[in-house]
Structure formats: C-alpha cells, structure tokens
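What follows is a short report on a single structure.
Protein chains in written order, with our numbering: chain A, 1 to 442; chain B, 1001 to 1311; chain C, 2001 to 2359.
Written out as structure tokens, the structure reads:
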C-alpha cells in the first residue's frame, strides 16, 4: 500500500515536472525582465536590499508612468542563493517568458555572470554585470552581449589608488609607501590584483596581499600580520560576512579606519552595522549616492510605500545596496527606452535591448529629469566601450549614514582600455571568436 | 630553491627575529581555538551519548542564536531571552528525539548521519523563514577592546570567550562524572541495547543529551554571533570545528578543548609564517592536514576511544 | 502476474550471469535506454535537456564514482568535490595545451590524472577508518580547491581564476562544448559517456574486484585474513572512484556550466553527492541514479510547485519552504527505507512478481 502510494506520487511528480519550462501567460503589451536574486543563504543580507530596490523602482515606474513608453514592465524573481548552477537554472527557465522573452539579465554575482556569458550571447540576451563580472567584457567588440557599466573592478582599483595618492599629496608621494589588499580568495577577490600590481610598478609603492579564505569568518591571523606590517593604506575586496569580520578585525588591531577603504561591494550597511561604533570612519568606493534625499527615491516612497506595497521597509529605503538596485533598474529601463527610440514603443527582444544598451547615453539633463541628480553620474556606452567610462566616488560611514568624501574620480581610461582589449582578445583567441568590427556595426 | 628556503628557513628566521609577535600569534591561536572548541563540544556530546554524528550542529547553533537575538530585538531583556532560547532548544530536542531518533533506533551510523543532514536542511529553512535572512547584530555587553600586555596584543573578547568555554567544560565534566544522569549518558554511549536492558530510559537520555548539546550550541552561537553578527554564515563554523573533532577524538570533552587549542595555534602559526611561501590563505586546509597528521599516529584522535574490532 | 519468470530458462552459464537475467528487466532497461536516446531529445525543450537532464547525468556519474568508494568499498570520502575539480582543471589544461586533442581523449586522460591524485589521497585509508577517514578526506578536498584557486598556471593566468570551456567537437563536426553546441548534442554526449561508464561499473562490482571491496567494507580484518590485500583493493577503489568523479567534474565544467571556478567544487558539492548515494542506496548502481534524480529534481520541483499550482509566493518563502520540505523528505525516506531508494525499487519488483496475489 505504502509502495503503491509512493509509486503514484512519483508518477505525479514526473507529470508535473513536464510542466516546467512552460511559460506563464503574460498580457501582450508587457516587457519582461527576469530577476535573479538571493534572498536566502550566506549572502542574503546583501542580496535582499538590492532586490528590493530594483523591484520597488520597477513598481514605481509602472505606477507613476505606466511603464516605459507605455509598455508595462513585468518581472519575476528567481532565487539563486548566490549559487552558480541555480543561477543558470533560473536563467534557462525564465529566458523565454513574456511576449518577447527576457529583455536582459542581471546576474548579481561574478560567478553566475561567467556561467551565463556564453549562453546569453548565443540566446541574444544582454547580460548586465553592473560593477562586477568580467572586467575585460568592457571591450564590446569581443563581448557584444555583456555590459559592465558604469565601472569595473580594474577601474575601481585605479580610482582607489588615485584617491589615496591625492590624500598623500600627489601620486608621486606614493613611492615607498605600503598599500595592502585584504581580499576574499575567490575569483571576485582576485580581480584587482593585476591592476594594483601594475600600478605599484608605475608609482613605486609596495603592494602587500592578504588573502582570506572564503567565507572569511576567521581572520585573526590576517589582522595580526597587518598589525605587524603596518601598511599605510588598506583596500578590501570582500563580500558577505567577510566584510564585517574584517572591519571588526581592523578595529581589534587598532588600524585607523579612515585609511581602510573597501570596494563598492564592501561598503554597505550590513557590513558596518555589526561592527558597531568600531566601524566609524571606514570608507568605501561607490558609483552612486546613498540616502533618501533624491526626487526619484522620494517618488518610490510616494508611489509604492505610501500605498503599502513596498518590498522592504521605509527605513531601509535609501540604504547603499537599495539605491544600487535602483540604479541598476534605472540603467536597464533607460536602455529599454533608448531601444524603443529606434524600434518603437512595443515589447522588445533581447537583441533590440542590446542595441539600446550600446547606444545608451544618459546626460545630466536626463538625470535631472529622472530625479536622480547626485544619485548617479552621466554615462555613455558604445559598441567597443561597454563600460561607459564611469566615474567613482569615495563615501564614508559616520555611524549613521554614508557620506561622500570625494568628488567624482575618473580612473586612467587609457591604461584600462588597453588592458581590457588585451585580455578580451586573448579570450577571443582561446574561444575562436572573431571580434566585431565596430566601425561596421550600426 | 626559493620555495625550499621559504618553507624551511624563512619562517624560523622570522620567528626568531620577532619573539613578541610569535607570542601574539600563539595567544591569538589559543583563543581562536577556544571558539572552535565551543562548537566542537556540541558534536562531542551528541556523539558520545547517541552515537550520532550531528551534521546539523552548525545549523542548531545558528537557530539558537537567531532565536536569542530575535527575542532581544523584540525587546526582551537578555536573561529572559536566554531562558526562552533554552526552552526552545529543549523543545527542539524533544521534537528531534520523537520524530527522528526514535524511528531510526539501531540503524547504522551513516543512516543517522544522513538523518541529521535532513534535519540541517529543515532547520536552515525554518530559521530563515521565522527570523529572515538579514544580519542581526548582537551585543550583550562583552568588552571588545584590544589590550596590550607586555607588547603583545590580546583581545578582551577572546579572553571572555576562553573563560566561558572553560567554565562550560568544567560544568560538563562534573555533570558526566558525578551525576547519575551523566553515568547513564556514558552507558548509553557505550551500547544502546545494553543500557536499555539495565533499565536506562533511552528516550529521556536522548532528549537530555540533545538539550544539553543545544544549550552548548546556544552559548557558542551567542559568542560567535557577538563576533560576526548573527547570520547564516554562522552555521559554517561547524566546518571549522571538524578538524578539532578529529584531532581530539569524537567522544572526548577534554579532547575537544585540547584539539581546539592545538588546531588554533597550528593554524595561525602556519598562516602567518608559512602562508606567504604558499601564497596565503592556507588556514583551512592546514587545519585538516594537521588533524590528519595526528590521526596517522593515533587513528582515533588524541583522546578518542579505541574501537576494538572483533572478527 | 506481470513479472513472472515462468518459461524463462537459461541454457548457458553466460545467460545465467547476465546483468538482467529476467527478460522483463531487460526489456525495461532497453526501453529506458530507447526513451533516453530517442524520445527525450525529440520532445525535450532546451530547458529540460540542459538544466535537468545534463546535470542529472553528470551528478549520477559522480554519485556512481562515490558509490564505488563508499558504498562498495566502505571508505567514506568527502573529497568528491576536490576530485571533480581535478578532472575539470586537468581537462582544461589538456584542451588548451593540445587544441587538436579529441574531447573524448581529453576526458579519458583527465580521468587517469584524477585517478592518480585519488590514489595519493587514498593512502591514509590504510590506517584510518570510518568517520575519521571522512574528515581526513576533507583535507584533500580543501587542499585541492585551495590549490586550484592559488596557482595561476591552472587557469592560464586569467584575472579571475575562472576556466571557460573552449569549443570542441566529436566526429569533427558535432560540437559538444562551447556556445554553438546543440543542446541535444550535449545531452547525447553526456548520456553516452554515462551509460558506458555505468555498464563498466556494473561489470566491475559483479566481478572479483567488487567482491573484494564488499568484503573489505563488511569486515576488513577478516578480508585480509582470507587473502584480499587491503592496500591494493583500497587504493584501487580510490583510483577508480576518482576516475569517475574526474570525468564527472570535467563534464560539469565543459558541458553543463561552460565556465567554472574552483569554488564550484567546494565542500557543499561533496556533501551533495554523499547525500545522493545515501538516499539512493549505498552499494547500488541504480541507487546512484535514483539518488541523483531525487536531489537534482526535487528542489527544482519544489521551487516551481507554487507556480505550477497557480499561486504566487515570495521567492525567499519558497526557498525556505523548499529547504524544509527537502529535509523532512530526507528524514521520511530514511525512516521508510534506510537502505535507500534502490531497495524500495527491489522490494517493488519482488512484490510485482507475486501481484496480484499476496503471497
């Protein structure tokens, strides 16, 4: 009896599984965006506000403007738990949904980005890896469907060195100083190393590396070493629990917080709040503003939260990662709008949105019209420049908020473009890809 | 040649030239090791008394810590949250005994191990369902200031953790040696059927042992939570406690402490002095390699029970 | 009634020793193969082929490898992820260093390299037993992943440490890796490799080597006394198991995800594969497949269940409920049948032999 029941259950399961991959019915005049998110697992504290910000912005645009160009934006979230194969499964399941399929995909994980690049290129779905992923994908001739706006890790590393140089009184003053990098020993953490080593030869500083094995819950050895070697400046490339543990570690060995600067994924509330008062003075890079004091964020409060339908809570609106989700949504929707300019106000396919991204040009007037003045900087992409020469700012935690402590810094675009091209061409060679001729692409 | 020098010469030269730093690293290692032991204790208790390798221990630490911090965030005073968390842990032990252990009585070790894996998944989902996926900062007033004693840096927090672990171990040792319940636990650890045949109630013993392990887990969770903030990653400290278990032996409470100290010191010394030769971040596998090295000489851990196989 | 052996006579020893002595079994196996080769590529969507069937087969192969070591030879190992990583990175280095090398040869060579690594890490098994050995194999796991993360030579000095599968073809034209590869080509390639290796494994465990392993598993002291050499048998178990896991890892990297970094083979992967063989049945070839199906398909089904049933739920709620149901189901299956799904299958067949009569 037990057995018959089990067999029937198995049969039912098999039948149900065949229903997988079938798309839900969507109304015709809608643009679908798949949302790969992580709201559970070890990186949930960082993934939740990002997902909330993005979703709230989309809801706001639908409520306030009726969508983009009259086309409503719909989305469906899929939980990846920061897991590469779950990310791939989510992408495969969602890529054909909606009247025109997925218009783009934001993996929000360097690992998932790498896993999706080939598939999405073959499926003609743009992969938007905003501030993470493959830095060399900025050379769009080899990576037509990957966008790394507004700045990559290599750009951020260069900007950080520039900032530190400024603080020392000039880049030439860096000679003989010690710059350290505390990083999580996975692909993401190792990204800036080649850039920082190149710059150490250029400016004459000593580059010290402090790897921390993932997930980074135990770092006392690393910080004792840092105490011994006393680098003048310390950068951090961490994610998740490693960040807060590192900040506490720095406090426990008395490292001056204002000389400790994290990458933009190491500078948000979940990283500094667990460390309490010890984190005051810690700095991090960023490419957007924090806080609720922007017209577009206020619109979110008005059109979404005042109607009791927000994904997060009011006090969390404006946190660093929340606003980052908003910026991601702004970029994506502007790309769709740009594409609509050429292809018409209708639901667009992935290749059309790719055209939109390659011709994305957000000017300061447009930013003001969006109500994002101060929240983001102008940016323009092109066929061979999928990064857009974005600028970086440094922000500092004062115990309650993140405040800008620098102006917009432009990294060394000449050096970076060369580095991207070189690495991308090597990849193209390995894979047998012929780079596009951007002069010929419309 | 370079590599050989880096492995066999430079570390010792560095150590010789900087004795205070060596002391600092050793003390840091001892204190880290104590934190690992706190988690390992939970494993040892359950293995000792029910023969089960509790894969869910890390998740139980997380779950207990989440309950504690969740109650505090709802406004309860610390002592009330602590007591209620203990009550929750006892309830959990009762549920586990009833739903998992009782139906699987006398199954092989690996089956029980797998059942605890199922339990781990369940608790993981349940904990995040009830308390959410965010970080919960935890501050119950443990001092965190760095102290400089004789040129050596020591963190107050670690000293408090060491004191807590020490008292916990002393309490457990007393419990096992000098109370009737403790003796019953040891009997059950030896042989389930024999213990039952002399009248020891297996079920109550299991509930007691899992509750005690749960309370130990709660304390470990509070200490680690104060260090990292209570979040999902805390369940990963169980992986750090495994080398401690191998080294000390699965069935020995003093073994958990001694193992923790050895692993802590070994790990940190290796990371600081030998790490640069290998590119750094060798802590993780070094702890396991160290435990493995010990195992080759004592296949049941330093203090573990020798299993005598009869043909 | 359906499953009677009445009328099936064996007239040679060879026929008696067949893998499927009962003809109904043989027909069922052939039907399954036919469905796998003909029906599924024809009707399966890309999603089904690439995200359900291919990972299921790859996992099944890895589970098969671990089952040889843990289920048949009794050596509990938690280093599976590390060995899969060895296979993946070895294949990567071979295909990038020798671009003309056929992918099949690359896989075979990578498997052999992994086998050698497996033998190296299998030496402690001669002294250490049981759970202690399991935790000792964790040393192998952590060391291997650290090594692949640390030394840039393994990932050809790329900035991020991710290895990306170059496009390779079998038969000169049919691409199985890389972006142009047809999902059906990928699926059929993986299916063929897995079927061949599973047949090899079945033959192995029914022969002298398999019996030696089972003797060691059951009581290794007694096995030694009757003349089975523990050194050779245990190391052979490690070698063959690693061979299978290495090929599984290579196919994971090259055919399933196309781009992988060392952390894809972390400790979680090892635990996942161990779960598969425990749920599926230790010491059973079929069990490896059943366990892999359970662990691969069930989470996907649970994640999609609310949607299929027609109502929306927030994704974190779904994910947490999925964990809870998954854990509860594991416990449930263990209570119902501690020897795994394979045993349930065997019991089912036994009952079918008598059905509809009770005895």
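Every residue, glycine too, gets a C-beta built ideally from N, C-alpha and C. Here the structure is a predicted model, which is why all the values come from computation and not from measurement.
Within chain C, the residues that residue i reaches when beta carbons sit closer than 8 Å
i, result
"residue 191 (chain A)", "2159 and 2160"
Unbroken alpha helix (DSSP H) run spanning residue i, endpoints
i, result
"residue 1067 (chain B)", "1057–1073"
"residue 113 (chain A)", "110–123"
"residue 296 (chain A)", "295–300"
"residue 419 (chain A)", "413–431"
"residue 255 (chain A)", "Counting along the chain, residue 255 (chain A) falls outside any alpha helix (DSSP H), and DSSP gives it neither H nor E."
"residue 2214 (chain C)", "2208–2218"
"residue 1187 (chain B)", "1180–1190"
"residue 206 (chain A)", "Element bounds for residue 206 (chain A): not the alpha helix (DSSP H) but the beta strand (DSSP E), 206–212."
Range covered by the beta strand (DSSP E) that runs through residue i
i, result
"residue 2233 (chain C)", "Looking at the DSSP string, residue 2233 (chain C) is not in any beta strand (DSSP E); the run it does join, the alpha helix (DSSP H), is 2230–2251."
"residue 36 (chain A)", "30–37"
"residue 506 (chain A)", "The requested residue 506 (chain A) is not part of the displayed model; chain A covers only 1 to 442."
"residue 1146 (chain B)", "1146–1149"
"residue 1152 (chain B)", "1152–1155"
"residue 178 (chain A)", "178–184"
"residue 2355 (chain C)", "Element bounds for residue 2355 (chain C): n/a, residue is neither H nor E."
"residue 283 (chain A)", "283–286"
Residue i: contacting residues in chain B (beta-carbon distance under 9 Å)
i, result
"residue 2324 (chain C)", "1121, 1122, 1123, 1124, 1125, 1126 and 1129"
"residue 270 (chain A)", "1134, 1135, 1229 and 1231"
"residue 2269 (chain C)", "The contacting residues do not exist; residue 2269 (chain C) stays about 14 Å from chain B at best."
Secondary structure of residue i, DSSP reduced to three states
i, result
"residue 91 (chain A)", "helix"
"residue 134 (chain A)", "coil"
"residue 1254 (chain B)", "helix"
"residue 222 (chain A)", "helix"
"residue 387 (chain A)", "coil"
"residue 393 (chain A)", "strand"
"residue 1104 (chain B)", "coil"
"residue 2306 (chain C)", "helix"
"residue 2288 (chain C)", "helix"
"residue 359 (chain A)", "coil"
"residue 2094 (chain C)", "helix"
"residue 2022 (chain C)", "coil"
"residue 2226 (chain C)", "coil"
Rounded separation between residue i and residue j - CA only
i, j, result
"residue 2342 (chain C)", "residue 1059 (chain B)", "29 Å"
"residue 23 (chain A)", "residue 98 (chain A)", "Legend: pLDDT at residue 23 (chain A) = 47, less than 50; position of this residue unreliable, no value from coordinates given."
"residue 2160 (chain C)", "residue 286 (chain A)", "21 Å"
"residue 70 (chain A)", "residue 339 (chain A)", "14 Å"
"residue 1202 (chain B)", "residue 1188 (chain B)", "7 Å"
"residue 2348 (chain C)", "residue 301 (chain A)", "60 Å"
"residue 2032 (chain C)", "residue 2039 (chain C)", "10 Å"
"residue 2304 (chain C)", "residue 2048 (chain C)", "14 Å"
"residue 2329 (chain C)", "residue 2138 (chain C)", "27 Å"
"residue 1125 (chain B)", "residue 164 (chain A)", "44 Å"
"residue 2118 (chain C)", "residue 140 (chain A)", "42 Å"
"residue 2014 (chain C)", "residue 1210 (chain B)", "55 Å"
"residue 330 (chain A)", "residue 110 (chain A)", "21 Å"
"residue 2295 (chain C)", "residue 90 (chain A)", "17 Å"
"residue 21 (chain A)", "residue 120 (chain A)", "The predicted position of residue 21 (chain A) is uncertain, since its pLDDT is 49 and thus under 50; no value can be drawn from it."
"residue 2067 (chain C)", "residue 2175 (chain C)", "31 Å"
"residue 2284 (chain C)", "residue 2080 (chain C)", "18 Å"
Integer Cβ distance of residue i from residue j, believed to fall under 8 Å
i, j, result
"residue 1255 (chain B)", "residue 1301 (chain B)", "6 Å"
"residue 2163 (chain C)", "residue 2089 (chain C)", "7 Å"
Proximal residues of chain A, C-beta to C-beta of residue i below 8 Å
i, result
"residue 1233 (chain B)", "42, 215, 217, 240 and 241"
Chain B contact residues for residue i, given Cβ-Cβ distances below 8 Å
i, result
"residue 228 (chain A)", "1018 and 1021"
"residue 210 (chain A)", "1280"
Neighbour list for residue i in chain A, Cβ cutoff strictly below 9 Å
i, result
"residue 1309 (chain B)", "Within 9 Å Cβ-Cβ: nothing; residue 1309 (chain B) doesn't reach chain A, min ~36 Å."
Contacts that residue i makes with chain A (C-beta to C-beta distance below 7 Å)
i, result
"residue 2003 (chain C)", "Within 7 Å Cβ-Cβ: nothing; residue 2003 (chain C) doesn't reach chain A, min ~14 Å."
"residue 2350 (chain C)", "Here the premise fails: no neighbours, minimum Cβ distance about 10 Å."
"residue 2320 (chain C)", "40"
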